């Protein structure tokens, strides 16, 4: 089966959850999935469910557990670079049918690594690997290479009314 | 915890998978989830994974297993109406923290039931229930009542190049 490159971007809710839903679907078909999460370093409830119940999905984090506010630190950069190296191996060895690089667009946005490094990696993927990139601010160069791009557009969001993130719903 | 109403609509890929990712996250937090699928009546791989591994998520279909092409049949209408009645009980008894009405916007689009019936149901939900509606063509009245609305906008799709749906990826 030929694999493609999917991108979920935009400012609306649903990018990471769509990628995770895709992982769930793949698991149901007996495919092997690897999820690498950039910037994030906190255990979310989706990670708990995967680790506990879904044995064909491996999940790993390459972030520090706190969001980058203005300028990334050296530690942010080194964690993301390490992640990129690890993803390179995972993608290129072709052992996983679906590989998700969650929030990789955010890592690019904060210049944690160069866009050329990511583009080279995308182009080097084995033919059968489905590669899924998420995160707002996907740059045009990434969109150009991708086969499928969905923009999650925020039409309305309760955060606008000052509601706090809730366990099991937002994280 | 207060529950809200979320809508995932638009012509892009990721609406159902975002709702299912949300279900996975909720399962990780120990919440109870019910997924009712309108129009759909075929066992997708996401359904397989849920039934097999995720015990806090119940999934049920209210469709006939084939897509509606032009005009819905009496059977399509009666299946959807039965689904709406069942969802009413599920929502109003409040035993599930997260209730997903997958493709309910499509059911509305094909006039399988009246929009007023759905609006009444949305307004009657217990305060703690998170209600998630998916499907393209969400009408403005539904968007007006919802707390969070994401439009999945197709920027680019490999279907445009005539690629067939693949097991574990599209279904």
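Protein chains in written order, with this note's numbering: chain P, 268 to 438; chain Z, 268 to 438.
Note that beta-carbon positions come from the ideal geometry of N, C-alpha and C, so glycine has one too.
The model shown is predicted, which means the values in this text are computed figures rather than measured ones.
First through last residue of the alpha helix (DSSP H) which encompasses residue 359 of chain P: Indexing the first chain from 1 puts residue 359 of chain P at position 92. Counting along the chain, the alpha helix (DSSP H) containing residue 359 of chain P begins and ends at 341-360.
Boundaries of the beta strand (DSSP E) in which residue 301 of chain P is found, first to last residue: By one-based count along the first chain, residue 301 of chain P stands at place 34. Counting along the chain, the beta strand (DSSP E) containing residue 301 of chain P begins and ends at 300-306.
Closest Cα partner of residue 349 of chain Z within the set Z/281, Z/416, Z/380 and Z/413: Indexing the second chain from 1 puts residue 349 of chain Z at position 82. The shortest Cα separation from residue 349 of chain Z among Z/281, Z/416, Z/380 and Z/413 belongs to Z/380.
Residue 289 of chain Z, buried or exposed, once every other Cβ within 10 Å from all chains shown has been counted against 16: The residue given as residue 289 of chain Z occupies position 22 in the second chain. The residue is buried, with at least 16 neighbouring Cβ atoms inside 10 Å.
Cβ pair residue 357 of chain P, residue 301 of chain P closer than 8 Å: The count along the first chain starts at 1 and reaches residue 357 of chain P at position 90. The count along the first chain starts at 1 and reaches residue 301 of chain P at position 34. Yes. Within cutoff.
Closer than 9 Å at the beta carbon, the chain P residues around residue 312 of chain Z: Taking the second chain and counting its residues from 1, one reaches residue 312 of chain Z at position 45. Neighbours of residue 312 of chain Z on chain P, chain order: 291, 292, 293, 294, 295, 296, 297 and 298.
Neighbour flag for residue 386 of chain P against chain Z, beta carbons, 8 Å: In the first chain, residue 386 of chain P corresponds to position 119, counting from 1. For residue 386 of chain P, the answer is no, since every Cβ of chain Z falls outside 8 Å of its Cβ.
Sequence-distant residues of the same chain with beta carbon closer than 8 Å to residue 431 of chain Z, five excluded per side: Here residue 431 of chain Z is taken as the residue at index 164 of the second chain, counted from 1. If we look at residue 431 of chain Z and ignore the five residues flanking it on each side, it has no Cβ neighbours.
First and last residue of the uninterrupted beta strand (DSSP E) at residue 328 of chain Z: By one-based count along the second chain, residue 328 of chain Z stands at place 61. First-last of the beta strand (DSSP E) with residue 328 of chain Z: 324-330.
Touching by the beta-carbon criterion (3+ pairs, under 8 Å), the region 273-282 of chain Z and the region 305-315 of chain P: no
Helix, strand or coil at residue 421 of chain Z [DSSP, three-state]: Residue 421 of chain Z sits at position 154 when you count from the first residue of the second chain. Here residue 421 of chain Z sits in strand by DSSP.
For residue 454 of chain Z, the nearest candidate out of Z/284, Z/275 and Z/292 (CA to CA): Outside the modelled stretch of chain Z, which goes from 268 to 438, sits residue 454 of chain Z, for which no answer is possible.
Enclosing beta strand (DSSP E) for residue 369 of chain P [first to last residue]: As a position in the first chain, residue 369 of chain P is number 102, starting the count at 1. It spans 365-369 - the beta strand (DSSP E) in which residue 369 of chain P sits, taken as one unbroken run.
Residues of the region 394-406 of chain P whose Cβ lies closer than 7 Å to any Cβ of chain Z, in chain order: 397
Under 9 Å from the C-beta of residue 414 of chain Z: neighbouring residues of chain P: Within the second chain, residue 414 of chain Z is the residue found at index 147, counting from 1. What residue 414 of chain Z touches in chain P: 423, 424, 425, 428 and 430.
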